[in-house]
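Visitor: Below is one structure. I have some questions about it.
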Amino acid sequence: MEHRSEPTPVRRRVLVVDDEAGMRKILRKSLAALGGYAVWEGGRAEEALGRLASADLLVTDISMPGMGGLALIRRARDEHPALAILAVSADPANRGPALGAGADVFLAKPLRPSTIVEAAGLLLAGRGGREEDQPSESDP
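Just remember that my numbering sits 3 ahead of the position in the sequence shown, which is counted from 1.
Okay, here's the thing in structure tokens:
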């Protein structure tokens, strides 16, 4: 008798980068409540650099000490063109620079959890997860 197991759902990997701990918590909880998201969070852009290759979505603040969100977006876009990028900022004037740097979507703070979840879902729609996470056809 052949046993077929249901494929395990792919957990989408989200990097949340914001220097405000309270905002990171809101973003993490909003995405984690949906399920299917593995969320990593950090307070500085430099912390996220080594994790970009394994991410499906980058959510970053624009105004942060050190590297800053615009530089992170440019580097992420240059090194990982398929990465979905969501930029957030308390200053709506950052919309143009964020989109110009390569962000797919810009959201102005304060953010409602439903807005975050909707934007993340739309960005990840049609993206099948990372290839190494997909079950192969030869798996039992």
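Built from N, CA and C at the ideal position, the CB exists for glycine as well. All values reported here derive from a predicted model rather than from experimental measurement.
#1: What's the C-alpha gap between residue 100 and residue 50?
#2: Excluding five sequence neighbours on each side, which residues of the same chain lie with their C-beta closer than 8 Å to the C-beta of residue 48?
#3: Using 10 angstroms around the beta-carbon of residue 44, count the other beta-carbons present and answer buried if the total reaches 16, otherwise exposed.
#4: According to DSSP, is residue 88 part of a helix, a strand, or is it coil?
#5: Once you ignore the five residues that flank residue 54 on each side, which residues in its own chain have a CB closer than 7 Å to its CB?
#6: Can you grab the Cα-Cα spacing for the pair residue 37 / residue 96, in whole Å?
#7: Using 8 Å as the Cβ pair cut-off and three pairs as the minimum, do the stretch 79-86 and the stretch 116-123 touch?
Guide: Working from what's here:
#1: 22 Å
#2: 20, 63, 67, 69, 70, 71, 72, 74, 75
#3: buried
#4: strand
#5: 18, 43
#6: 30 Å
#7: no
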